[in-house]
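Participant: Take this structure first; my questions come after.
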Amino acid sequence: MATLSVFGAQWGDEGKGKIIDLLAAQADVVVRYQGGANAGHTVVVGEDKFVLHLIPSGILHGNKLNVIGNGVAVDPVVLLEEMDGLVARGIDVGRDSLRLSASAHIILDMHKVIDNLSERFLGAGRIGTTGRGIGPCYADKAARTGLRVMDLLDPDRFRVRLRATLAEKNAWIEKVHGHAPLGVDELYDRYASVGQRLAPFVDDTGALVRRAWKEGKEILFEGAQGAMLDIDHGTYPYVTSSCTGVGGIGAGAGFPPQAIDRALGIAKAYCTRVGEGPFPTEDHGPEGQRIRDMGHEYGATTGRPRRCGWFDAVAMRYALELNGASGVVMTKLDILSDFDEIRVATSYDIPTVGLEKVSEYPASLARLDEVVPRYESRPGWMADITGVRQYEGLPQAARDYVEWVEELIAVPIVMLSVGPERDQVIPRGKND
Ligand code: IMP
-1 MATLSVFGAQ WGDEGKGKII DLLAAQADVV VRYQGGANAG HTVVVGEDKF
49 VLHLIPSGIL HGNKLNVIGN GVAVDPVVLL EEMDGLVARG IDVGRDSLRL
99 SASAHIILDM HKVIDNLSER FLGAGRIGTT GRGIGPCYAD KAARTGLRVM
149 DLLDPDRFRV RLRATLAEKN AWIEKVHGHA PLGVDELYDR YASVGQRLAP
199 FVDDTGALVR RAWKEGKEIL FEGAQGAMLD IDHGTYPYVT SSCTGVGGIG
249 AGAGFPPQAI DRALGIAKAY CTRVGEGPFP TEDHGPEGQR IRDMGHEYGA
299 TTGRPRRCGW FDAVAMRYAL ELNGASGVVM TKLDILSDFD EIRVATSYDI
349 PTVGLEKVSE YPASLARLDE VVPRYESRPG WMADITGVRQ YEGLPQAARD
399 YVEWVEELIA VPIVMLSVGP ERDQVIPRGK ND
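Residue 46 in our numbering sits at position 48 of the sequence shown, and the numbers go up by one each step.
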């Protein structure tokens, strides 16, 4: 493994948690480098289901170091709840298994309040955020008014900085949104104690990860959300506020990007999206509903029903190229077992400008709204594949589908996932 980046190659919710948990078995260090508690990484171990929002999915293995890097927007209250929840279920969460960057920015109540007020303000133009305060926290980071984990550890400094930033935030909350201001003392009391509990886990995580790398340790970088939600390269403004792909690792983990050996994209055998924004292959009809029902496509963080549709080879080629992926893991192949015909968008038509068979993802949001996907289809396999563990054991039609998609995206599909359990995977014996 050496250093491996695992990223979502669609609009998030690709099943990264399960794959990262699986790959973590071979890793020494697992690092989150962006996003925050907007993520919901689901890992099923036997009868137990874990949904991790902030802690890297390697935590369930017990003997790994899990790192929350400086690029993560950390909600300290959610983090503590998550830690306590894991401990209550017998998972070891100590300094040996978890470290938190002193430089990570923290999400406070005001960020969540502003996130939700801004969404209401935007009305029809809303982004459909998770309401977890992600955008406002990263906005403060960029504006250089943010508070960081290190501030939380120093009560006096925290009070001074909180008072300063809250004065401006409260003016905004009250005057623009007509909402009650937040009290500095309540906020201070709520977070100062949290800071004391997190203190033993705080570290210079960039130095830690670089040292581990120099010692020859295996490092896994766990992406959250997906390539199409990337703040720079996604469907802006309908994106999250961080660099979701390989490009985010350098800044968000403090790790030299040229030292990342390989990148693995995770993609469902179909597509989903939560929140607003373009989604060319969305199926508003009964088939989209069937995908939602079969795939239990409801948000792990918000419970919102996900928008569902067919695999989009155009968007996927873009996401894989952008991240230099050398392999793809295709998840939830079993969900398509009930369809007698399976569609894939192989190119787009953009009738408003007279373009046909466009095979490159259009950068312009206006164009994306006008896209009409061109579908091709293959027969379904109409058989339960959840018990299959070897590629040769799959029905021919399922193999044809996988190989057809592989040809369309021009990157090897190195593993298939056919159910939520750890062992429900089919390796493909390709060099990833
Ligand atoms: P935010 O990250 O909460 O600001 O939300 C911005 C957009 O990203 C919204 O469309 C969310 O639904 C989407 N989003 C954020 N996190 C996730 C995720 O983990 N999975 C899927 N979509 C996400």
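All C-beta atoms, glycine included, are put in the ideal place defined by N, C-alpha and C.
Answer yes or no: do Pro371 and Ala408 have a C-beta to C-beta separation smaller than 9 Å?
Facilitator: The answer is no: Cβ separation not under 9 Å.
Participant: Ignore the nearest five residues each way along the sequence and tell me which others in Leu463's own chain have a CB closer than 8 Å to its CB.
Facilitator: The structure shown does not extend to residue 463, since the chain is modelled only from -1 through 430, so no value can be given for it.
Participant: If we count the other Cβ atoms within 10 Å of its Cβ and call it buried at 16 or more, is Val207 buried or exposed?
Facilitator: The residue is buried, with at least 16 neighbouring Cβ atoms inside 10 Å.
Participant: May I ask whether a heavy atom of the ligand IMP can be found less than 8 Å away from the beta carbon of Glu295?
Facilitator: The answer is no for Glu295.
Participant: For Tyr440, does the count of other Cβ atoms within 10 angstroms reach 16, so buried, or fall short, so exposed?
Facilitator: No information on residue 440 is available, as it lies outside the stretch -1 to 430 that the chain covers here.
Participant: Given a cut-off of 9 Å, decide if Gly33 and Thr329 are closer than it, judged by their beta-carbon atoms.
Facilitator: No.
Participant: Quick one: Cα of His282 to Cα of Arg195, how far?
Facilitator: Distance between the alpha carbons of His282 and Arg195 is about 47 Å.
Participant: Met380 to Ala298, Cα distance in whole Å?
Facilitator: If I take the Cα positions, the gap works out to 28 Å.
Participant: Taking only three categories from DSSP, how would you classify His231?
Facilitator: Coil.
Participant: Of the choices Leu406, Val416 and Glu405, whose alpha-carbon is the least far from that of Pro393?
Facilitator: Ranking Leu406, Val416 and Glu405 by Cα distance to Pro393 puts Val416 first.
Participant: Tell whether a beta-carbon distance below 9 Å holds between Val29 and Glu216.
Facilitator: It is not a contact, given that the beta carbons lie outside the stated cut-off.
Participant: What does Arg260 pair with, by DSSP beta-bridge criteria?
Facilitator: Paired residues: Leu2.
Participant: Under the three-state reduction of DSSP, which class applies to Met328: helix, strand or coil?
Facilitator: Three-state result, Met328: strand.
Participant: Using 8 Å as the cut-off, can you tell me whether the region 237 to 253 makes contact with the region 59 to 75, which would need three or more C-beta pairs spanning the two stretches below that distance?
Facilitator: Touching, yes.
Participant: Which two residues bound the contiguous beta strand (DSSP E) that contains Cys269?
Facilitator: Residues Cys269 to Arg271.
Participant: Closer than 8 Å to a non-hydrogen atom of the ligand IMP - does that hold for the CB of Tyr316?
Facilitator: Outside the cutoff, so no.
Participant: Starting from the Cα of Ala395, find the closest Cα among Gly126, Ala364, Asp338 and Val369 and give me that residue.
Facilitator: Minimum Cα distance to Ala395 is reached at Asp338.
Participant: Mind checking whether Leu514 and Leu2 have CB atoms under 9 Å apart?
Facilitator: As shown, the chain starts at -1 and ends at 430. That puts residue 514 outside it, with no answer to give.
Participant: Leaving aside the five residues before and after Tyr236 along the sequence, list all residues of the same chain whose C-beta is less than 6 Å from its C-beta, in chain order.
Facilitator: Closer than 6 Å at the Cβ level, and outside the excluded window around Tyr236, lie Ile125, Glu274 and Gly275.
Participant: Along the chain, where does the beta strand (DSSP E) that runs through Pro377 open and close?
Facilitator: Val370 to Pro377 is the extent of the beta strand (DSSP E) around Pro377.
Participant: Skipping 5 residues on each side, what residues in its chain have a beta carbon closer than 7 Å to that of Gln388?
Facilitator: Hits under 7 Å: Ile424.
Participant: Quick one: is Cys306 buried, meaning 16 or more other Cβ sit within 10 Å of its Cβ, or exposed?
Facilitator: It counts as buried.
Participant: On the DSSP bridge list, what partners appear for Pro425?
Facilitator: According to DSSP, Pro425 bridges with Met413.
Participant: Would you say Ala102 touches the ligand IMP, meaning its beta carbon is less than 8 Å from a heavy atom?
Facilitator: Every heavy atom of the ligand IMP is 8 Å or more from the Cβ of Ala102, so no.
Participant: Pull up the distance between the alpha-carbon of Trp308 and that of Ile340, whole angstroms please.
Facilitator: Whole-angstrom Cα-Cα distance: 8 Å.
Participant: If you pair each beta-carbon of the region 244 to 254 with each one of the region 285 to 293, do three or more pairs fall below 8 Å?
Facilitator: With a cut-off of 8 Å, the region 285 to 293 and the region 244 to 254 do not count as touching, because too few Cβ pairs lie within range.
Participant: Kindly indicate which three-state DSSP category Lys62 falls into: helix, strand or coil?
Facilitator: If DSSP states are grouped into helix, strand and coil, Lys62 belongs with coil.
Participant: CB of Tyr189 to nearest heavy atom of the ligand IMP: below 8 Å?
Facilitator: Tyr189: no, Cβ never under 8 Å from the ligand IMP.
Participant: I need the boundaries of the alpha helix (DSSP H) containing Tyr346, first residue and last residue.
Facilitator: Element bounds for Tyr346: not the alpha helix (DSSP H) but the beta strand (DSSP E), Glu339 to Ile348.
Participant: Could you check what DSSP says for Asp430 in three-state terms: helix, strand or coil?
Facilitator: Any reading at Asp430 is ruled out, since the residue's pLDDT is 43, under 50, leaving its predicted position unreliable.
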